[in-house]
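Colleague: Numbering (the working numbering), first residue to last: 1 to 616.
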């Protein structure tokens, strides 16, 4: 009898999670409709029609929207967006997804008076209907051209200015959507909230590509902006006076492309998926596939491709940061660090990231010479330090063997490095002119004035105990060297005359031999001081926490080997093995150092440049 007396209205408690999910339910979840759209359907008696004939229900509601009052119109437009999106999911029709985007844009009417409050949950939901509607309506490859597109109730003429595809001397092409991509292998996935279809694009040089040539050629292209690194972009469909246009059968709009950090004065923030762009770049370039090949084959980087690659075209006033990977490695190992660093807008606005690749089994002085040549060509191709003083404030970040390459660019050894390694002066060898010049280039380096700061990460400054083991020596002996290096080694031996002082040290030129603490090269290099005007920093990982530093190591390099006196800072990263590039404390230290570099060089843009004016 009590049940028979129960009222028709009931109130009951639900969990916080269920309350939130009920309020936020929309067709975006792939099933059902949200409460706001259901209210619109019920109030206009369209709920039964929606269940039987969804397209007719949308058509009827659209007709009512044309007659509705100003207060009702936003509710109807939001419902039309969700209903169209639901139909798009149900039938996979591009016209329905495009209609959802158009209705959502009319509901939001960006940049115009009368849009929804940002506190209205429909504000974000409508933005998602718009963004995802565009993603489904413009699948890969996205054609950003003038076109006519059909809608369930008519059509829309879309204009697209071809000039917007020209970016820093490059033509943006191969646009790919990112909304339906899942990124793995990178710890943090960063997105920029906003409106538009988040895309990535390739930038093809408009003046044609330059083919690289080998080391022996006079004109080898060692530096370039990668054409395979993808650029975070966004595409918006803009409609003028959208609430009036959307109720007609023929609409006019335009497709507008935005490039991340390159659209000043934009009042409506574009949506970007920057981490996805970086992840696609790594996947498409397949950098990791050359890690072991680059160790065993010394000719991997023989001039068929640039060794020094920039992520983006150089902007005057931006200071280059050169990342140098370690043994049997590749630029891929910097992915997490670069992904995190680029989320600092100050770093993005003031630094350019360059990545150096090399065959890591080659002699360290030879690889350092290649690095020197690549940086020199990069600076010269960008006009030099007189044209842009920022090019004279380069930071090198070297991991493991990469740190040794960096060190070779900031020392002035004279004949000490050669004499300490070969055991006798170069003048006592009978060598041809070309061999003698190569030895002078590699073993008698001079400091590069453009290098202002060096960061050593897990660098075997006094050698790696692992490199000194017999197994490592065996593996190192399996690596092939470039013909030029092998011929130089043979000529050194034959040119030594009857001297026995060499003791077979010169032919063992590979990096693994050199990094042994017992090698003549490694006994000599630490005795040569780094130039006093170069700022230096050490990041030293060690396994565990309990061991004293005198016994600590990272599995490859001991603390005592990585430690050098006189650096401006030394960070010990506990609980970290040798490959510490993705460690958050390591990344935070690099961020701190780059911000310090900026603070000490605040005005690096050329005089009179737009960059300098913007920073003043």
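Where a beta carbon is used, it is the ideal one built from N, C-alpha and C, also for glycine.
#1: According to DSSP, simplified to helix, strand and coil, what is residue 449?
#2: Sorted by chain position, which residues of the same chain lie with C-beta nearer than 6 angstroms to residue 371's C-beta, five sequence neighbours on each side aside?
#3: For residue 147, list the residues DSSP reports as bridge partners.
#4: Considering only the alpha carbon of each residue, which of 403, 545, 558, 389 lies closest to residue 364?
#5: For residue 397 versus residue 351, is the C-beta distance shorter than 8 angstroms?
#6: Evaluate residue 32 with the Cβ neighbour count: other Cβ atoms within 10 Å of its Cβ, from every protein chain shown; 16 or more gives buried, anything less gives exposed.
#7: Counting C-beta neighbours from all protein chains within 10 Å, is the total for residue 290 16 or more, i.e. buried, or is it exposed?
#8: Compute the Euclidean distance between the alpha carbons of residue 293 and residue 407, then round it to the nearest angstrom.
#9: Look at residue 395 and residue 452 and say whether their C-beta atoms are less than 8 angstroms apart.
#10: DSSP three-state label for residue 206, please.
#11: I'd like to check one pair, residue 528 with residue 455: are the Cβ atoms closer than 8 angstroms?
#12: Take the Cβ of residue 526 as the centre, count every other Cβ of all protein chains shown within 10 Å, and call the residue buried at 16 or more, exposed below.
#13: Using the rule of at least 16 other Cβ atoms within 10 Å of the residue's Cβ for burial, across every protein chain shown, is residue 388 buried or exposed?
#14: Taking Cβ positions, are residue 335 and residue 186 nearer each other than 8 angstroms?
#15: Please state whether the Cβ-Cβ distance between residue 421 and residue 521 is less than 8 angstroms.
#16: Please list, in chain order, all residues of the same chain as residue 115 whose beta carbon is under 7 angstroms from its beta carbon, the five residues on each side excluded.
#17: Report yes or no: is there a C-beta of chain D within less than 8 angstroms of the C-beta of residue 446?
#18: By Cβ distance, which residues of its chain are closer than 6 angstroms to residue 191, with the 5 residues on each side in sequence left out?
#19: Going by alpha carbons, who is nearest to residue 447 out of 168, 531, 196, 47?
#20: For residue 330, does the count of other Cβ atoms within 10 angstroms reach 16, so buried, or fall short, so exposed?
#21: Tell me the DSSP secondary structure of residue 138 in three-state form.
#22: If you measure between the beta carbons of residue 670 and residue 111, is that distance less than 8 angstroms?
#23: Compute the distance between the beta-carbons of residue 554 and residue 576, then report whether it is under 8 angstroms.
#24: Who are residue 272's beta bridge partners in DSSP?
#25: Expressed to the nearest angstrom, what Euclidean distance is found between the alpha-carbon atoms of residue 439 and residue 373?
#26: Is it true that the stretch 128–148 meets the stretch 170–186, where meeting means three or more beta-carbon pairs spaced less than 8 angstroms apart?
#27: Considering only residues of the same chain and omitting the five flanking positions on each side of residue 288, which have a CB-CB separation below 6 angstroms?
#28: Roughly how many angstroms lie between the CA atoms of residue 442 and residue 491, to the nearest whole one?
#29: Under the three-state reduction of DSSP, which class applies to residue 107: helix, strand or coil?
#30: Would you kindly report the start and end of the unbroken alpha helix (DSSP H) that includes residue 635?
#31: Quick check on residue 270: buried or exposed, where buried means 16 or more other Cβ atoms within 10 Å of its Cβ?
#32: Going straight from the alpha carbon of residue 105 to that of residue 204, what length do you get?
#33: Does residue 201 come out as helix, strand or coil in the three-state DSSP assignment?
#34: Using the C-alpha atoms, what's the distance from residue 151 back to residue 266?
#35: Roughly how many angstroms separate the alpha carbons of residue 19 and residue 79, rounded to a whole number?
#36: When the Cα atoms are used, what is the spatial distance from residue 367 to residue 163?
Modeller: According to the data block:
#1: Your numbering for residue 449 matches position 449 in the chain shown. If DSSP states are grouped into helix, strand and coil, residue 449 belongs with coil.
#2: Here residue 371 refers to the residue found at position 371 of the chain shown. Excluding sequence neighbours, residue 371 sits near 356, 405.
#3: Start at 1 with the first residue of the chain shown, and residue 147 comes out as number 147. Per DSSP, 158.
#4: Within the chain shown, residue 364 is the residue found at index 364, counting from 1. Here the closest residue by C-alpha is 403.
#5: Residue numbering aside, residue 397 sits at position 397 when the chain shown is read from its first letter. Residue numbering aside, residue 351 sits at position 351 when the chain shown is read from its first letter. Going by C-beta atoms, residue 397 is not nearer than 8 angstroms to residue 351.
#6: As a working mapping, residue 32 is identified with position 32 in the chain shown. So residue 32 ends up on the exposed side.
#7: Position 290 of the chain shown, counted from the first residue, corresponds to residue 290. Only weak support exists for where residue 290 lies, its pLDDT of 48 falling under 50; the coordinates are left without a value.
#8: Numbered from its first residue, the chain shown carries residue 293 at position 293. Numbered from its first residue, the chain shown carries residue 407 at position 407. With a pLDDT of only 45 at residue 293, under the threshold of 50, the placement of this residue in the model should not be trusted; the figure read from the coordinates follows. Whole-angstrom Cα-Cα distance: 25 angstroms.
#9: Here residue 395 refers to the residue found at position 395 of the chain shown. Here residue 452 refers to the residue found at position 452 of the chain shown. A contact, by the Cβ cut-off of 8 angstroms.
#10: As a working mapping, residue 206 is identified with position 206 in the chain shown. In the structure shown, residue 206 sits in coil (DSSP, three-state: anything other than H, G, I, E or B).
#11: As a position in the chain shown, residue 455 is number 455, starting the count at 1. As a position in the chain shown, residue 528 is number 528, starting the count at 1. No, they are not a contact pair.
#12: Position 526 of the chain shown, counted from the start, is the residue given in the question as residue 526. Its Cβ having fewer than 16 others within 10 Å, residue 526 is exposed.
#13: Position 388 of the chain shown holds residue 388. It counts as buried.
#14: Your numbering for residue 335 matches position 335 in the chain shown. Your numbering for residue 186 matches position 186 in the chain shown. A contact, by the Cβ cut-off of 8 angstroms.
#15: Taking the chain shown and counting its residues from 1, the one referred to as residue 421 is at position 421. Taking the chain shown and counting its residues from 1, the one referred to as residue 521 is at position 521. Contact flag set, yes.
#16: In the chain shown, residue 115 corresponds to position 115, counting from 1. Contacts found: 108, 109.
#17: The structure shown contains no chain D, having only a single protein chain.
#18: Position 191 of the chain shown, counted from the first residue, corresponds to residue 191. Hits under 6 angstroms: 273.
#19: Reading the chain shown from its first residue, position 447 is the one you call residue 447. Closest option to residue 447, Cα to Cα, is 531.
#20: On the chain shown, position 330 is the one that residue 330 refers to. So residue 330 counts as buried.
#21: One-based indexing of the chain shown puts residue 138 at position 138. Looking at residue 138 - three-state DSSP - the assignment turns out to be coil, as it is neither helix nor strand.
#22: For the chain, the structure presents residues 1 to 616; residue 670 sits outside this window and is missing.
#23: For this step, residue 554 is matched to residue 554 along the chain shown. For this step, residue 576 is matched to residue 576 along the chain shown. In this structure, residue 576 lies closer than 8 angstroms to residue 554 by Cβ.
#24: Numbered from its first residue, the chain shown carries residue 272 at position 272. Paired residue(s): 192.
#25: Here residue 439 refers to the residue found at position 439 when the chain shown is read from its first residue. Here residue 373 refers to the residue found at position 373 when the chain shown is read from its first residue. Computed Cα separation, rounded: 15 angstroms.
#26: yes
#27: Walking along the chain shown from the start, residue 288 turns up at place 288. With a pLDDT of only 46 at residue 288, under the threshold of 50, the placement of this residue in the model should not be trusted; the figure read from the coordinates follows. Once the five neighbours on either side are set aside, the close Cβ partners of residue 288 are 330, 332.
#28: As a first step, residue 442 is located in the chain shown; it is residue number 442 there, counting from the start. As a first step, residue 491 is located in the chain shown; it is residue number 491 there, counting from the start. Roughly 16 angstroms between the two C-alpha positions.
#29: Locating residue 107 in the chain shown gives position 107, counting from the first residue. Helix at residue 107.
#30: The requested residue 635 is not part of the displayed model; the chain covers only 1 to 616.
#31: The residue given as residue 270 occupies position 270 in the chain shown. The residue in question, residue 270, is buried, as its Cβ has 16 or more Cβ neighbours within 10 Å.
#32: Start at 1 with the first residue of the chain shown, and residue 105 comes out as number 105. Start at 1 with the first residue of the chain shown, and residue 204 comes out as number 204. So the alpha carbons of these two residues sit roughly 32 angstroms apart.
#33: Locating residue 201 in the chain shown gives position 201, where the first residue counts as 1. Strand at residue 201.
#34: On the chain shown, residue 266 is found 266 positions in, with the first residue counted as 1. On the chain shown, residue 151 is found 151 positions in, with the first residue counted as 1. The alpha-carbon atoms of residue 266 and residue 151 are separated by roughly 28 angstroms.
#35: Within the chain shown, numbered from 1, the residue matching residue 19 stands at position 19. Within the chain shown, numbered from 1, the residue matching residue 79 stands at position 79. Their backbone Cα atoms lie some 21 angstroms apart in a straight line.
#36: Position 367 of the chain shown, counted from the first residue, corresponds to residue 367. Position 163 of the chain shown, counted from the first residue, corresponds to residue 163. Rounded to the nearest angstrom, the two C-alpha atoms are 42 angstroms apart.
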